[in-house]
Amino acid sequence: MPANSDPQTRSWWSANQIRLAPWLFLAPGMAFFALYVIFPIFQSFQISFYRWDGLGEARYIGLRNYEDLFDDPAFYTSLRNNVKWLLLYLLAIPGGLFIALFLNQQVRGIRLYKSLFFFPFVISQVVVGLVFAWFYNPAIGLFNPLIGMFGFSPMNILGNPNTVTYGIIAAGLWPQIAYCMILYLTGLNAVDPEQVEAARLDGAKGWKMLWYVILPQLRPATFIAVVVTVIGALRSFDMISVMTNGGPFGSSRVLAYYMFEVSLSEYGFRMGYGAAIAVILFLIMLVYIAFFLWRMWREERGY
Amino acid sequence: MFPTPVERRSAAVQNTYKALLPFALILWLLPLLMVALFSIKPDSDFTQGNLWGLPSSFAGFENYTRVFTDSAMPRYLLNSVFITVPTVIGAVALSCMTGFALGVYRFRGNIWIFFMFVAGNFVPFQILMVPVRDLTLNMGLYDTRLGLVLFHIAFQTGFCTLFMRNFIRALPRELIEAARVEGVSEIRIFWYVVLPLMRPAIAALSVLIFTFIWNDYFWAVVLTQGVETQPVTAGITAFNSQFRAAYHMMSAGSIIAALPPVMMFFLMQKHFIAGLTLGAVK
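Sequence order for the protein chains is H and G.
Residue numbers for the first sequence, in the working numbering: 246 to 548.
Residue numbers for the second sequence, in the working numbering: 131 to 412.
Structure below.
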């Protein structure tokens, strides 16, 4: 190679390039990620100790924001709703498994059925929220006539503080079940047919087969499904914003939504207070992040 | 195969299954079918209480044309394109490099840098919101598409790095070793040896990121406002207040807003699912 003919540069570069190259390749990505993701996490922690409207002078107030938080009924409502989201959202996993088992056949046109069952996941949550808001709407929605067929009296799901969160979670489950379904369909594809046949010869079938033979082989799919579902539940924001704006009377708020409302809505720009809520949310998520990283670390050691 | 293939069951079971499929699908897509039906109805059907029956006349063509001629929807769609496409290019380019660095080289700190990307990717958006908004304001990029694009690139780099690094790990190392023995420089190895092998990963990631960014709502609301910059997910709110209570128009608008990622999915299905289910199989 003519460019490298100068012996001095050539030897320096060839002696060091393997050591330097990874850092050169990493530099742009790491710089971006640090600036927009890593530093802001620490900044949010810092801002949570200040009173700040986002424009003027920030005033250090120590733990005041956190103390206020623990006296704030809206905070507890949000926290309670977050727990509801977390628990009920996990229904997406058995739901997805059920549909995957139903569709794991080889009849004609099944591929199209799989795609059509999956595609709610591709639609933006904003549109899913709108679609379900109209579906529930007592004036125009199909929901009330539908439950009327089973003898229930009409109700206004999104207008009632007792039902609103469940209504939004049900809407959120729709794309999430589709996601879990596709994970399980891929997992089922990789199930070892010989083991299934061997178990069948031993007389295993139905639930027993599912529990003892199939589910253990689906563990990687289940793990990913749990991770994405938990994260999805804690990130719930779009649907609440579109369907109810946190209402009625703030009864459908979650931490993610309340934080946004406190810091950026017309009620005032309380950045410090918002940052404190974000810190709490982050600490909840940290449990899952740590769990995920720990599992990954265990696997990496196997390399 | 599990469950037992229906071909091996009786004819009755087979027929029941085949009949059940379309029924289950209709039930599953019912809310969406309702909106699709609304979008082709004329206004008069709503005032006359003909909600779920057949449309009294086919108004789909009118309704969808009006979305494009009587509203800012084309502008929002264009904004979405100008936000999504640069983000896809930027995030994929950056993560090809970071993924290569973390997948090929053994150096101290490798795993920690990798974990940093992975962990950052799971962080709740709210912890970034105030500082990122402030940073964007200070750079003079608040309410610009560029401001939104820069943030999206940075955030998506986390997920993309995870994806690319695992993909490169699975490539045969002998290829790289052989090239080194031949005296090929590291940059050339990246460009001529590894990058061509990454094509399927690049395709899968591009489709996924396209969908994620197109569907983003939170950052659009935090970093932009108004018709000049906002993508269609945020614009649909303004659209709906323009056509308040005109359900045929709101339905048509929502379907238009949702369509691009859906088309992307049906066109690139194989890549999309390969990307989404990475890790679901050992």
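Even for Gly, the Cβ is constructed at its ideal location relative to N, Cα and C.
{"Check": "C-beta neighbour in chain H for G:R205, strict 9 Å", "Outcome": "no"}
{"Check": "Residue interval of the alpha helix (DSSP H) (run including H:S496)", "Outcome": "Premise fails: H:S496 is in no alpha helix (DSSP H) and is neither H nor E."}
{"Check": "Beta carbon proximity, G:G190 to chain H, threshold 9 Å", "Outcome": "no"}
{"Check": "Distance, G:F320 Cα to H:F290 Cα", "Outcome": "39 Å"}
{"Check": "Sequence-distant residues of the same chain with beta carbon closer than 7 Å to G:F230, five excluded per side", "Outcome": "I298, F320 and V324"}
{"Check": "G:R374, DSSP secondary structure in three states", "Outcome": "coil"}
{"Check": "Test: G:Q399 CB closer than 9 Å to a CB of chain H", "Outcome": "yes"}
{"Check": "Cβ separation of H:M488 and H:A415, assumed to be a contact under 8 Å, to the nearest whole Å", "Outcome": "With a Cβ gap of about 11 Å, H:M488 and H:A415 do not count as contacting."}
{"Check": "H:L446 versus H:D483: straight-line alpha-carbon distance, rounded", "Outcome": "50 Å"}
{"Check": "Proximal residues of chain G, C-beta to C-beta of H:W456 below 8 Å", "Outcome": "By Cβ distance, chain G contributes nothing, its closest Cβ being about 12 Å from H:W456, past 8 Å."}
{"Check": "G:L292 and G:L327 closer than 9 Å at C-beta", "Outcome": "no"}
{"Check": "Contact with chain H by G:T407, beta-carbon distance below 9 Å", "Outcome": "yes"}
{"Check": "Local conformation of H:Y358 per DSSP, three classes", "Outcome": "helix"}
{"Check": "Inter-stretch contact (C-beta, 8 Å, three-pair minimum) for the region 369-384 of chain G and the region 301-313 of chain G", "Outcome": "no"}
{"Check": "Stretch pair the region 196-213 of chain G + the region 346-360 of chain G: three plus CB contacts closer than 8 Å", "Outcome": "yes"}
{"Check": "Proximity test, Cβ basis, 9 Å: G:M380 and chain H", "Outcome": "yes"}
{"Check": "Terminal residues of the alpha helix (DSSP H) in which G:I339 lies", "Outcome": "R329 to W344"}
{"Check": "G:L224 versus H:A276: straight-line alpha-carbon distance, rounded", "Outcome": "11 Å"}
{"Check": "Neighbour flag for H:I338 against chain G, beta carbons, 9 Å", "Outcome": "no"}
{"Check": "G:T407 versus G:Q286 - alpha carbon distance", "Outcome": "17 Å"}
{"Check": "Inter-residue spacing [alpha-carbon to alpha-carbon] between H:A248 and G:L278", "Outcome": "In this prediction, H:A248 has a pLDDT of 49, which is less than 50 and means its spatial position is unreliable; what the coordinates show is noted afterwards. Their backbone Cα atoms lie some 41 Å apart in a straight line."}
{"Check": "G:E192 - containing alpha helix (DSSP H), residue span", "Outcome": "G190 to T199"}
{"Check": "Residue range of the unbroken alpha helix (DSSP H) whose run includes H:W379", "Outcome": "Q370 to Y381"}
{"Check": "Alpha helix (DSSP H) segment containing G:K400, residue limits", "Outcome": "Q399 to L406"}
{"Check": "Burial state of H:V475 (16 or more Cβ within 10 Å)", "Outcome": "buried"}
{"Check": "Beta carbon proximity, G:W321 to chain H, threshold 9 Å", "Outcome": "no"}
{"Check": "DSSP state of H:R546 mapped onto helix, strand, coil", "Outcome": "helix"}
{"Check": "Within-9 Å CB hit, H:L324 to chain G", "Outcome": "no"}
{"Check": "Span separating the alpha-carbon of G:R138 from that of G:Q178", "Outcome": "52 Å"}
{"Check": "Sequence ranges, alpha helix (DSSP H) only - wholly within the region 264-300 of chain H, length at least 4", "Outcome": "284-292"}
{"Check": "CB of G:G220 within 9 Å of CB of G:F247, strictly", "Outcome": "no"}
{"Check": "Boundaries of the alpha helix (DSSP H) in which H:L387 is found, first to last residue", "Outcome": "Where H:L387 is concerned, there is no enclosing alpha helix (DSSP H), given that its DSSP letter is neither H nor E."}
{"Check": "G:M227 and H:G274 closer than 9 Å at C-beta", "Outcome": "yes"}
{"Check": "Burial state of G:D200 (16 or more Cβ within 10 Å)", "Outcome": "exposed"}
{"Check": "Proximity below 9 Å, CB of H:W419 to CB of H:P461", "Outcome": "no"}
{"Check": "Beta-ladder partner(s) of H:R304, from DSSP", "Outcome": "H:R296"}
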